[in-house]
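>
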Amino acid sequence: SWIDKISGDKSRWFKANKLEEEGKLEEAVELYLKEAEEKRHVSPGISGLCYLSAAKILMKTRGREKAESIFRKAAESYEKYAEKVLSSSPSSAIWGYKMASKCYAWSGEYSKSEEMIKVAEALSEKIEGGKRDYPLFRVFKKGGNKQRDGKGSNAV
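Residues 25 to 180 (this note's numbering) make up the sequence shown, in order.
1. Please confirm whether G72 and S101 have their CB atoms less than 7 Å apart.
2. Where does K48 fall in DSSP's three states?
3. In chain order, what residues of the same chain lie with their CB nearer than 6 Å to the CB of G120, ignoring the 5 residues before and after it?
4. Please report whether the beta-carbon of K104 lies at a distance below 7 Å from any beta-carbon of chain C.
5. Which residue marks the beginning of the alpha helix (DSSP H) containing G120, and which one marks its end?
6. Rounding to the nearest angstrom, what Cα-Cα distance links L82 and E44 in this structure?
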């Protein structure tokens, strides 16, 4: 498949995903967790994905208690990912904070989940604009004062 061509033999996540599809859940969890630990500091987004994939299997096979600590690790990884990409891709950071929020909730850490969603919402408001502020990434034209909808602002 095209996935095999682009991933080669290096990605444990793809291998684990294949094992999961084949019903080899214990082996899949083991590979997901190995990949998550290996990528934890260099690629927190991939690490979060791997932890989340493992946690979902554990939730199905062993119950919530066994999965909670792995959901927490997924949340921490997504939070680190969001912090890492914030300056270069605010939209990706928003996604990372939202994923962290979901994973913290699944781990039972509801206050941390709320904290992450508030960060995502505040960042989203700054980027997309709120009622009081100009958005950070809104395009303004020089001269003229007509907006596309003709309401008189020079913003597009």
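The beta-carbon is built from N, C-alpha and C at its ideal position, and this holds for glycine as well.
So, to answer that:
1. Yes, the pair counts as a contact, with Cβ atoms nearer than the cut-off.
2. Three-state result, K48: coil.
3. Once the five neighbours on either side are set aside, the close Cβ partners of G120 are Y102, Y105, A106.
4. Of the protein chains in the structure, only one exists, and it is not chain C.
5. G120: member of the alpha helix (DSSP H) spanning 114-130, first to last residue.
6. A direct Cα-Cα distance of roughly 12 Å separates L82 from E44.
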